[in-house]
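Visitor:
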Amino acid sequence: MSLSVEFVIWWVALTAAWAATVSQLTLAELLVGAACALVGAVVAVGSRRALGHCWRPDVRWLAWSGRLAVAVPVDTVRLLVQVTPRMLPGRDVPGRLSRLRPPADEAPARAAFRRAWGTFVLSATPSSVVLDWPPDGAPVVLHLLGPGRTSMGKTVVR
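Numbering (the UniProt record's numbering), first residue to last: 1 to 158.
(1) In the DSSP output, what is Gly95 paired with across the bridge?
(2) Determine the contact status of Arg99 and Pro139, defining contact as a CB-CB distance below 8 Å.
(3) Within its chain, find whatever has a CB closer than 6 Å to the CB of Phe7; leave out the 5 residues flanking it on each side and keep chain order.
(4) Pull up the distance between the alpha-carbon of Met152 and that of Ala71, whole angstroms please.
(5) With a threshold of 7 Å on Cβ separation, who are the neighbours of Thr76 within its own chain once the five nearest residues in sequence on each side are excluded?
(6) Please state if the CB of Leu30 and the CB of Ala19 are separated by a distance shorter than 8 Å.
(7) Within 10 Å of its beta-carbon, does Gly118 have 16 or more other beta-carbons around it, so buried, or fewer, so exposed?
(8) Answer yes or no: do Arg115 and Val157 have a C-beta to C-beta separation smaller than 8 Å?
(9) Tell me where the alpha helix (DSSP H) around Ser2 begins and ends.
(10) For Val151, name the three-state secondary structure that DSSP assigns.
(11) For Leu68, which residues in the same chain have their Cβ closer than 8 Å to its Cβ, ignoring the five residues on either side in sequence?
(12) Under a Cβ-count criterion, where at least 16 other Cβ atoms within 10 Å of its own Cβ denotes burial, should Leu51 be classed as buried or exposed?
(13) Helix, strand or coil: how does DSSP classify Asp132 here?
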C-alpha cells in the first residue's frame with residue numbers, strides 16, 4: 001500500500017471516529033476533527049514506518065466490527081447483572097485468565113495485523129482485556145471478567 005493511500009485511510013478513519021463522538025456535528029467541529037485527524041494520521045503512518053511494521057489485513061476481519069457492536073451492549077448488561085452485586089464489600093469479583101492459541105502457519109505481516117486489530121477488538125468489550133499477545137505465536141492471554149464464554153476471543157484467533 002502506498003504511503004498516500006495509507007495516510008488517507010488513517011485520516012478518513014480518524015475523522016469518522018471524531019465525528020461519531022460529537023453530539024452535534026457542526027462545520028467547526030468537523031474542521032477541528034479533520035485537523036486533529038490529520039495530525040493523528042501523520043503520527044500513525046510515521047510511527048508504523050519508523051518501527052518497520054508491515055501489516056496485511058484480511059478483509060474478513062472487518063466482520064469482527066459487527067460482532068463487537070453486538071458484544072459491547074450484551075457484555076455491559078451481562079456484567080451489570082452478574083458482576084455488580086458481587087462488588088459489594090466482602091464478595092469476590094469473578095475474573096479469570098484465558099489462553100488462546102493463534103494460527104501457527106500465518107504470514108508475519110498478517111499475524112502482526114491480527115495482533116493489532118484483535119487486541120483492539122478484544123479489549124474494547126467490557127468483559128475482556130488482552131494482557132499479552134507475543135509476536136512469536138505464543139498464546140494470547142486474556143483477562144475475562146464475570147462468567148461466560150470467550151466466543152469473541154475464539155473468533156479473533158481462528
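The beta carbon of each residue, even a glycine, is placed where N, CA and C say it ideally should be.
Guide: Straight from the coordinates:
(1) Leu145
(2) yes
(3) Ala41, Val45
(4) 8 Å
(5) Pro126
(6) yes
(7) buried
(8) no
(9) Ser2 -> no alpha helix (DSSP H), and no H or E assigned at all.
(10) Position check: residue 151 holds Ser in this sequence, whereas Val was assumed. Residue state, collapsed to three classes: helix.
(11) Val121, Ala124, Thr125, Met152
(12) exposed
(13) strand
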